[in-house]
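Please read the structure below before turning to the comments.
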Amino acid sequence: MKQYGQAEYAEAVLNSIAEKLWKAGILTEQQYKQLCKQNYADCYRQFCTAYEA
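The opening position of the sequence shown corresponds to residue 1341 in the numbering used here, with each subsequent residue numbered one higher.
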(Lines of atoms letter the chains of each structure in order from A and count residues from 1; the text may use other names and numbers.)
(Lines give C-alpha, C1' and ligand atoms only; values in the text may rest on other atoms or scores of the structure.)
Protein backbone atom coordinates (compact mmCIF):
# COMPACT_ATOMS: atom_id res chain seq x y z
CA MET A 1 0.00 0.00 0.00
CA LYS A 2 1.34 3.42 -0.93
CA GLN A 3 1.50 6.17 1.63
CA TYR A 4 0.57 9.47 0.05
CA GLY A 5 1.85 12.83 1.10
CA GLN A 6 5.49 11.85 1.55
CA ALA A 7 6.71 14.14 -1.23
CA GLU A 8 4.76 17.11 0.06
CA TYR A 9 6.03 16.58 3.61
CA ALA A 10 9.65 16.07 2.56
CA GLU A 11 9.55 19.16 0.34
CA ALA A 12 8.14 21.28 3.17
CA VAL A 13 10.85 20.14 5.59
CA LEU A 14 13.67 20.73 3.12
CA ASN A 15 12.31 24.13 2.10
CA SER A 16 12.01 25.22 5.73
CA ILE A 17 15.68 24.32 6.27
CA ALA A 18 16.64 26.20 3.11
CA GLU A 19 14.65 29.23 4.27
CA LYS A 20 16.47 29.24 7.60
CA LEU A 21 19.81 29.11 5.79
CA TRP A 22 18.74 31.99 3.55
CA LYS A 23 17.57 34.12 6.49
CA ALA A 24 20.83 33.41 8.30
CA GLY A 25 22.75 34.72 5.30
CA ILE A 26 24.32 31.39 4.43
CA LEU A 27 22.48 31.18 1.10
CA THR A 28 21.80 33.95 -1.37
CA GLU A 29 18.27 34.51 -2.63
CA GLN A 30 19.19 32.92 -5.95
CA GLN A 31 20.66 29.86 -4.22
CA TYR A 32 17.56 29.60 -2.05
CA LYS A 33 15.25 29.64 -5.08
CA GLN A 34 17.39 27.07 -6.91
CA LEU A 35 17.45 24.83 -3.86
CA CYS A 36 13.66 24.99 -3.54
CA LYS A 37 13.27 24.00 -7.19
CA GLN A 38 15.70 21.13 -6.69
CA ASN A 39 13.87 20.01 -3.54
CA TYR A 40 10.61 19.92 -5.48
CA ALA A 41 12.10 17.88 -8.31
CA ASP A 42 13.89 15.44 -6.00
CA CYS A 43 10.97 14.88 -3.65
CA TYR A 44 8.37 14.28 -6.33
CA ARG A 45 10.72 11.94 -8.18
CA GLN A 46 11.49 9.81 -5.10
CA PHE A 47 8.27 9.69 -3.10
CA CYS A 48 4.65 8.78 -3.70
CA THR A 49 2.23 11.63 -4.05
CA ALA A 50 -1.51 12.12 -4.00
CA TYR A 51 -1.24 12.96 -7.69
CA GLU A 52 -0.45 9.30 -8.45
CA ALA A 53 -3.81 8.17 -7.04
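The beta carbon of each residue, even a glycine, is placed where N, CA and C say it ideally should be.
query: Could you have a look at Ala1381 and say whether DSSP puts it in helix, strand or coil?; result: helix
query: Looking at the unbroken alpha helix (DSSP H) that takes in Ala1350, where does it start and where does it end?; result: Gln1346 to Lys1363
query: Assuming Glu1359 contacts Cys1383 under a Cβ cut-off of 8 Å, what Cβ separation, rounded to an integer in Å, is found between them?; result: The Cβ separation is near 15 Å, so there is no contact.
query: Got a sec? Which residues, its chain only, sit under 7 Å from Leu1361 by beta carbon, not counting five neighbours each side?; result: Leu1367
query: Please report the distance separating the alpha-carbon of Arg1385 from that of Glu1348.; result: 11 Å
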